[in-house]
Each structure stands twice: as structure tokens, then as C-alpha cells.
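Visitor: Protein chains in written order, with this note's numbering: chain G, 143 to 686; chain B, 143 to 686.
(1) Starting from residue 211 of chain B, find everything on chain G with Cβ-Cβ shorter than 7 Å and list it in chain order.
(2) Would you kindly report the start and end of the unbroken alpha helix (DSSP H) that includes residue 279 of chain G?
(3) For residue 485 of chain B and chain G, any beta-carbon pair shorter than 8 Å?
(4) Is residue 442 of chain B close to chain G? Criterion is C-beta to C-beta, closer than 8 Å.
(5) What's the call for residue 459 of chain G, buried or exposed, on a 16-neighbour Cβ count within 10 Å?
(6) Span of the beta strand (DSSP E) holding residue 626 of chain G?
(7) Would you mind reading off the limits of the alpha helix (DSSP H) that contains residue 598 of chain B?
(8) List the residues of chain B whose Cβ lies closer than 7 Å to the Cβ of residue 666 of chain G, in chain order.
(9) Look up residue 272 of chain G in the DSSP assignment and give the residues it is bridged to.
(10) Could you check whether the segment 274 to 289 of chain B touches the segment 361 to 378 of chain B, counting it as contact only if at least three pairs of C-beta atoms, one from each stretch, sit closer than 8 Å?
(11) Let's see if you can read the secondary structure: which residues bound the beta strand (DSSP E) around residue 481 of chain G?
(12) What residue range does the alpha helix (DSSP H) around residue 189 of chain B cover?
(13) Which two residues bound the contiguous beta strand (DSSP E) that contains residue 564 of chain G?
(14) Might you give, ordered along the chain, the residues of its own chain that have their beta carbon closer than 6 Å to the beta carbon of residue 614 of chain B, omitting 5 neighbours on each side?
(15) At a CB distance below 9 Å, what residues from the segment 509 to 533 of chain G approach chain B? Give them in sequence order.
(16) With the cut-off set at 8 Å, would you say residue 659 of chain B and residue 642 of chain B are in Cβ contact?
(17) Which residues in the same chain have their Cβ closer than 7 Å to the Cβ of residue 433 of chain B, if we skip the five residues on either side of it in sequence?
(18) When the Cα of residue 243 of chain G is compared with those of G/252, G/229, G/221, which residue comes out closest?
(19) Which runs of the alpha helix (DSSP H) spanning at least 4 residues fall entirely within the segment 440 to 525 of chain B, listed in chain order?
(20) Could you say if the segment 439 to 458 of chain B and the segment 408 to 423 of chain B meet the contact criterion of at least three C-beta pairs nearer than 8 Å?
(21) Say the cut is 7 Å; is the CB of residue 286 of chain G nearer than that to a heavy atom of the ligand HEM?
(22) Checking the sheet assignment: what are the DSSP bridge partners for residue 662 of chain G?
(23) Which residues mark the beginning and the end of the beta strand (DSSP E) in which residue 426 of chain B is found?
(24) Below 8 Å, how does it come out for the segment 519 to 535 of chain B and the segment 566 to 573 of chain B: are there three or more Cβ pairs, yes or no?
(25) Could you pull the start and end residues of the alpha helix (DSSP H) that residue 620 of chain G belongs to?
(26) Kindly indicate which three-state DSSP category residue 266 of chain B falls into: helix, strand or coil?
(27) Would DSSP call residue 416 of chain G helix, strand or coil?
(28) Any C-beta of chain G sitting closer than 8 Å to the C-beta of residue 572 of chain B?
(29) Between the beta-carbon of residue 674 of chain B and the beta-carbon of residue 621 of chain B, is there less than 8 Å?
(30) Enumerated in chain order, which unbroken segments of the alpha helix (DSSP H) with a length of 4 residues or greater are wholly contained in the segment 325 to 381 of chain B?
(31) Hey, would you say residue 158 of chain B sits closer than 8 Å to residue 212 of chain B, going by beta carbons?
(32) Within 8 Å, do at least three Cβ pairs link the segment 182 to 194 of chain G to the segment 506 to 517 of chain B?
(33) Who are the near neighbours of residue 390 of chain B in its chain, counting only those whose CB is closer than 7 Å to its CB and skipping five residues on each side?
(34) Which same chain residues end up closer than 6 Å to residue 581 of chain G when comparing Cβ atoms and leaving out the 5 residues on each side of it in sequence?
(35) Closest by CA to residue 314 of chain G, which one among G/586, G/190, G/164, G/475?
(36) Residues of chain B with a CB under 7 Å from the CB of residue 563 of chain G: which are they?
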């Protein structure tokens, strides 16, 4: 069996290596446009910041070492320009010489990846304009920073890569602004209220974040001097374009291979509509595990799972890839974030009867050094009681919270099941009631009627406008609000009738819940707890 | 409804507080022998080491603050001495005055906890003998250390508490020995080969660990001078008894309440054989979620889940507690450990057709600062392909690995499902192929015949005695073994016939697997890979 693999970073090398292990008799050849294969794309921002000191750490394997280890033939500097399905050949051009060659295949694996989107505006060719896709990009950006050429930088794009680059430039002492055209950073990844919270933390940590702002032009004489946006022109010595990526699939036009929004459409065996052709990695479309709908997941993690699956299927085993949950985590300035599954509006769009909860919980025993808080949002279906999505912010192990959610959501976990898991606990790691179980308990209280609450998003949207705020914190914290000592409540409140609309607010939500509990007992019917309390929602500024 | 709760630490306070929230009209009273309630028992070793500086951090709530917050009445210094089920009363004695009282109940909750086991040997009453159960124990041990009274300490008992105390005494500069009667530390928690590995790391970190050694006598004139064991007498200024705990259930004798090994037997609603009596926490027996058999789980985490469940059931909701997995994590000198589900022999005893795997995998991107390794052991059932148990060692986030396993095992996850999870990945947190997915992949290779291997335990038991060791590491590492450059293997090995019994060993197992893959292709039928390689199994000393 002669197998050609177009592309040699994560998905291509994984598929090729695994296939050789499954069937050493297969003749497997990787054709790749670049000079390097198998580099650590996700590590590039950290090289910029010097967190990864040495650039050799970015290269996982050279073409030679990979080839020796796996038995896969690798041709670098070879760009595939067309595919002839009828004759089972591809035409390729040597990048340096322009020389054309034709390669035959029995099976073809499309793993040609994606390229950074460069917008059609003026100035993108100036010195000081960067993208972040290959080791070369990271090396040249860090080089310019270390030569003192970059004091101010504008990062265009508030997605994971943009924010990671921003953090790492800031680590190097660069004054960084991040702009994004969307209403929030991480659009589609974090629910809006969590994205706003994250923006505030980043501002507190010295990153200037401007959303709803479009890039119009990069201005300069030879090199970047200003970045002109839809709002104003910003002084800058560098402009990093992190506006997303586009699949490298232009050469597949008119081949009849089924495409979807520029990506190659595959079934759960990573097979295209041509049974001799597979596609994996950033150029391929996978599906959402929950909705079954196409979802693009240009991530190293997906590339590896899909690559393994493609190799197994090529070798004659039937392996199904169940799809992604859209999981992501990132370390950002001052805060780590994570998300998986469906966001609140995605869940509604998918037809679920949605209930959500937001909690602020300890991330380890409160008395253990380094203890901090998680902000956890769970999204669930009221009727099936299954968890659909989870998002988390915090200084600590957001990846743990996400991986629990990933495992649970993948297996159809209900809120009730989450509540009673025998999670690991010792003070250096967690709390006696696990942060996720704690959150599940609050959601259970809400679903079962023991807790009546507004989410921070409902509050921000004005749901509490006709409510009187009662401050249930141990000491008064909300300017202008009546403070109530919940421990003294032993009957109806003198100044409020039992049908009064009362919004109960404390620091995180727990005392407000205890107050609501008492007030209900004394006949109150219209109280609401503000989830996440003043920890999440500020009552000092920006109050609506 | 009049509810009496006997005991006021984790399970008692949780049950009482939650019940009041569910039904504020219930009259709930806690009777507790001690002066404090609701203290952080799991934090005590960390107070000893000064990791937790201030003793006030150990107290979660005073009886007064708890009572004000929850509406639960609390009587401290009151020891229950008998239960009269017929008349629904308990008899109690005030500890200070000896005065007797009788309390009536509609429902009774037994949450009287457990006490440290003190062996019936000489010298346990000497100054310098400690247990570790209440804040007072920790405060007096740290006090003695800080007064310079303790230079050498012997900890008797290699369970979680004993090892945590050992780590914290060592932090304070005390020379520490840990002895245990069992063959290994953490007997029943870690499988033997992992326990041995942990012992070696602790030795490297300055803790003297002696197993198979029994305490015979504590010797001294007024205060501890020597600890006499079945092997030898050890000089010591202090002896910490961490030999386990015994349920405080003596007062229940002859009540007809069904007991099991000293604990109170309950159903999944936390109810005893008397429908008016519940039991929760360290004095109660819960069940193993996988085997359905009784399992004692005297842990703060279990206390909280069971307490919540008991309260919900008392308030008329039917909540089932599905039981525990025996999850545990701990930070020990030089290494963190975790376990959940069935150990290898437990799984065999439960009738499973068991397959296990041990891997050594990166805990985050290898190039990210602080990256280290996990040693992960998975225990699965060959026919159902379900994961039954997991154990982990490492410097990093062992709690994450465990919590994934807990969630998966609780929901019946197969190895195949674990392999394809969309886990969270970014370089500061994890690897592109998640450590758990990586381990699942190796186990899949083993289950599906792509990998033939010996586990470290099989190797230690002599399974490879008739095998020739081939060293597959990049450079020769095993004294006396033939080194093979796997990249040069393009046909049968000149010196070994194709039916030769060959044990392939590299640093972690990956290159040995690649070598096996090639050798199989060239007709070799008797090769075995050593799982975990030389990272886990030492070929320099103690070789069998």
C-alpha cells in the first residue's frame, strides 16, 4: 500500500508514524511545503516570552530523525498543487527550484494544515508585522523584542493565540494592546459575562484590551509606526496579526472532494467522500460530539486523536472518532481560563431547555498557601439533567475542572451524578467538597427549587431592575444597599412586605442563599440570589 | 421534627446545616463530646509543618458562629453514652461535670466519628507520644518541635496521615523515620510496585522508611527516648502514632443497630436498620461503587457527600449515595500520589479479567518550565474494556489524573472512550496527547495485540527470567545488556533467532515498543517490552 501524506506538522506526522507501526509494509511518504516538520506550534507564544528559553525545544523531530525512527519517507520543500483522483496522483512543486513532480498513491491523507489570515488592508507588509504560526515567526518576534525594537505592540485578535502572545510580550516588558472586532475577547469560546470579567483582569494586569474595534490600516514608513483602527490610531512598533487561520485547501478546488467552509469534510473514520482519501488536522472539519454538527477544531490535541484514528482506519481497523467538545484552556495575564461543551447560547440554539449556574468556590483548602478561587459556570439541560457545557476562570488548576467536565459530558453525566463523585481531596489539591461537586450542588438547589437566583448575565441584562438590593455579606459592602445580618433574621423583615422583590447579594452567593432560605421560611415569595455575588459582579462601577 | 445529631465535625455539621436549610422548622441539635466543632482535620499535618501558619485557620466555625449561621443548636462537652431506640432517647454525660441528661428524638443521626488507634504496648503514655486527630494534637506537636524538643521522630504507620506528618516534620528539620507493619507503605491504597517506588523517592528525600516492622514498645524515662521495633530500637524524641483510626461506636453496643467491623451499616439513603436512625461520616460504613461491597471511607470528602444525602433524605427527598471509589491523593516528600477504583489484586478478587498498563508520560509540554513526568497505572477489564482503577505518581497534578479517572470510572468509561476524549490542552497545563489518553492508547495497543509487554510487577516477580535484555534507549544505559539502535534495524538481528525471548527496555517504554514493532515485522515472536522502562525499574541495584 502506497500512502501519501500532504503535510507534516501534528496531524500528518501522527498519521504517518502510527500507520507505519500498524503496517510496516506500507510505503508512507510525507510531502511538506516547509523545511521543518513536527514542531511545537502551541509553544510559540511561550518562546516569545522567554518562558521557553531555547528554540531547539520547539522542534520535536527533524525530518531525518523522524524518518529514521518511523520508517516514513519525508520530502520537505515540496508543495502539492493539485490532486488527480482519477489517476490517483498528486502534482507537486519543489519550492526552491520550481521543479514539478507527480506522486502516485493508493491512499491519500490530506493534512495540509492552515495559515494565518492576513487581512486585505494596507501595511501588512511593513517590517514589524508578525503572525504566529511557525518557529520562524516566534524567533523573529522575540529577536526584535530583545534587540529593543519593540516597546509598544498591538495584537490584532483576542483569541487564544492573540492573548497568549499578549501575555508573553508583556512578560518581556512590552506595552501591549489587544484589539478585536467582536464584542468581547474569545468570542464563541467564553460566554459574554465571563469574557468581560477576563478583560477586566487583563486590564488590571496591564494589558490594554479594546473590543468592538476593527483594524483598518497599519501605518509606517518601512516599519510599523501606528495601527489605525475603527476607533483611533494607536502608536506601535509592532503589530501581531492573530486574526485566526484559514485551511490550506486551495489546491483541492475542483477535485470533487467535499468541502465545508474551506475545510475538508470527513466522516467519523476521517474519510472524505472519496474512499481513497482521508483528511486530518487543521484542514479538516470534525464534528461536535454533542450536536453532531460540523465543528472546526484546529488544535494540536484534535490533530493527534484524528491522526491516530485515520492511521488505524487506513490499516484496516474500524475506529470511530466521536468528535470534539470545543475544549480550550489558556493561561492569560492574571487569570487562567477554560471552556468545554456548549456555551449558554449554543445550548439554547441546539434546542435544549437550558439552566445555568455560576459559582465562586475555593480551588483548594482555603488555609493552604496559594489557595484561590474558581469561577465556574455550568450549563445543563433541565429535562435530562445532563451537563452540556462548563467554563471556568481562576488562578489555579482550570485544566482539572475542564477535564472533569470533558469526561463527564462525553459520557452523559447528570448534575446529580457530578454531585456525588468520589473526587480526590487533600488540602494541597482541592477542597473537602470538590469545587465541581460544590457547583453541582448549587445547580441542584436551583433546579430543584431550593435556590431562586439570577445569573450574572441575567442581572447585567436588567432582570433585577425592579428589585431592592439587600446586602447579605458579613459587613456592608454595597454602596447604597441595606445591609442585613442574616444571623439575626428570625421573622419577617420589618421594612419589606413578604411579596417584596428583593435581590440578595453577598460576596460569593452562599450567605445570600442562607438569607433567602430564612426569608422563604418567613413567607417571602419574590427573593432572588445574585449568583457569584460581588466577587463576580461589581457594584461600584459600570452599574447599570 | 426533632433531630439529634451525635457528633459535630464534618459529617455531623454538614447533615445538621443542610437539614435546617431544607426544613427550617426541624429542631436540630448537635451533641458533641469535644469543645470544638467543624475543624479542618485534613489540615493538621500542614499546621505541624508550618505550611499553615496560624492555628485559627484550622477552625472552620465555632459552635456559636455555626449555630447563628445555621439555626442548629449545639451542645459541646456532651458525650452520648447510650441509645434507647424504643423510647427514642439518648443518654448523655457532660464531660466536665459528669452530669447525666436524656435527649429525645424523632430522628437520630450518628456522626460520632472515629478515634486514633493506640496500640496496647508499653510507653504510649510517655511525653513525646502523639496522635494526629484534633487541632490540639497538631498544636502540641508543633509546639514541641519549635521549642527544640524534637530532633528525631518515629512515625508509626505509613498511611496517608503518617506520611503527611512525616513530610511536615521533615520540613521543620526533624529527622524522620516511618515504620509500618505491612510489606509496603500505603498498603491497600497503592499497588505494591508503586508503593516501593514511592518509598525509594521518600528515602531520596531524607525520610527513613522501614516496612515489615512492628512497634513493640516505646521506651523512656518520663519522655520518649527510643522506639523499640521488631527489628531494632530507634533513637527518638517523639513517636507519632498514625496506626489508623477506630470508629467511635462503643455506645451503640446492644442497641440492635446493625454494625459491620465496628462501623454502623447504612443503606444508600444513609439509613440504618432502624428507619429513625441515620449514620454518616467516619463511624459509618458506605459501599464501594464498583463492587457494591461495604467499604470504609473515613474521609472528609465522603463525610460531606453522605451528610448532604442524609439531610436530603431526612427532609423527605429520596437521594441515593452511590458509594465510593476509595479515592485518595497525597503530597509526600518528593512525590505526589493518587489512587482510585480497584487496585490490581482487588480487581482480580472481584472476578474481573484484568489487564493493566503502566506508563511514564510527560505531565505538561516537555518544553514548558516545571514539566515533569506522571507514572500512571490503569487497571481495566479485558472483556468489557471498562476502566476499573487508576493510580498515579508524579511531581505535578496527580489530582487531575485522578479526577478524570473518578469521573470516568463512575460513569463506566471504556479504554476506547478515554483514548478519544477532547481533553484540555495548552503547554502550561498538559500535552497535546493528554497523559491519560496517552496511557489509554498504550493500553489499547496492549489489549489489541499491538504491544506485548511485561508490567513492572510481572518483571519484579521474575516473568522475564529466561529473557535476554536488549537496551533500546538512544544510548546504552543498562549495564551488561546489548544495546540496539532501533533506527538501524532493517531485518532480523544477526545474533538472535526469531524465536529468541527478548526483553526490550528503554527509558520509558516508547522506543522499546518501536523496536518490538520492527522485530515483529521481521518475524520475531517472543519479544516483550518492559512497561515504564528504566525510569520505573532500576537495573543498577536490587536487581533480582
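We treat Cβ as the ideally placed atom computed from N, Cα and C, and that holds for glycine. These numbers were taken from a predicted model, which means no experiment stands behind them.
Guide: Answer, in terms of the structure:
(1) 629, 656
(2) 277 to 288
(3) no
(4) yes
(5) exposed
(6) That residue, residue 626 of chain G, is in no beta strand (DSSP E); it is neither H nor E in DSSP.
(7) 598 to 602
(8) What residue 666 of chain G touches in chain B: nothing, since even the nearest Cβ is about 12 Å away.
(9) G/382
(10) no
(11) 477 to 483
(12) 186 to 190
(13) Where residue 564 of chain G is concerned, there is no enclosing beta strand (DSSP E), given that its DSSP letter is neither H nor E.
(14) 626, 628, 646, 648, 653, 654, 657
(15) 509, 510, 511
(16) no
(17) 492
(18) G/221
(19) 442 to 456, 486 to 491
(20) yes
(21) Ligands in the displayed structure: none, and consequently the ligand HEM is not present.
(22) DSSP lists no partner for residue 662 of chain G.
(23) 426 to 429
(24) no
(25) That residue, residue 620 of chain G, is in no alpha helix (DSSP H); it is neither H nor E in DSSP.
(26) coil
(27) coil
(28) yes
(29) no
(30) 334 to 346
(31) yes
(32) yes
(33) 254, 255, 256, 257, 425
(34) 501, 518, 520
(35) G/190
(36) 548, 549, 552
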